[in-house]
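Undergrad:
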């Protein structure tokens, strides 16, 4: 193809194939007719860990089925909308609130503490709090995950 002076030559069209893990995951999601948000929820529901979503002010907005089972909670309406740290024993509430405040400040934090289930059975938990940021940058909620761990001798 000849080009006239000052004209750009036409570039051949090339198909771009995205082979990233994210593109593959999205392809799989679409092949089973799920939306990305549905897949995320189904993955969270499959976790045996207790996965919670806390509002910016610290209220419990969501807990997965694995968490309900681990915490022996029969009725989620009994805990939704409550400040998360109030679900912990009185002697741990200030510490739990402090760790939540760190997460709201943008810091991922972990702690271990004892908290009985809804049925009063004692459990020891390893807890991780991770800030969830909006696309614009500020923290909009906190993801809290916990798993039961063995009691330590000093417990």
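Numbering (my numbering), first residue to last: 763 to 917.
We put the CB at the ideal spot given by N, CA and C, even for glycine.
Fair warning: this is a prediction, and the values are worked out from it, not measured in the lab.
(1) What residue range is occupied by the uninterrupted alpha helix (DSSP H) comprising residue 859?
(2) Under a Cβ-count criterion, where at least 16 other Cβ atoms within 10 Å of its own Cβ denotes burial, should residue 893 be classed as buried or exposed?
(3) Quick check: the Cα distance between residue 914 and residue 811, rounded to an integer number of angstroms?
(4) How long is the line joining the alpha carbons of residue 825 and residue 898, rounded to whole angstroms?
(5) What would DSSP say about residue 907, mapped onto helix, strand or coil?
(6) Please confirm if the segment 833 to 843 is in contact with the segment 862 to 871, defined as three or more CB-CB distances below 8 Å between the two stretches.
(7) Pick helix, strand or coil for residue 880, following the three-state DSSP scheme.
(8) Could you compute how far the alpha carbon of residue 836 sits from the alpha carbon of residue 827?
(9) Compare the Cα-Cα distances from residue 839 to each of 822, 832, 831 and 850 and report the closest residue.
(10) Within the same chain, show all residues whose beta-carbon is closer than 6 Å to that of residue 895, passing over the 5 residues directly before and after it, in chain order.
TA: Taking the coordinates as given:
(1) 852 to 866
(2) buried
(3) 20 Å
(4) 26 Å
(5) strand
(6) no
(7) coil
(8) 10 Å
(9) 822
(10) 901
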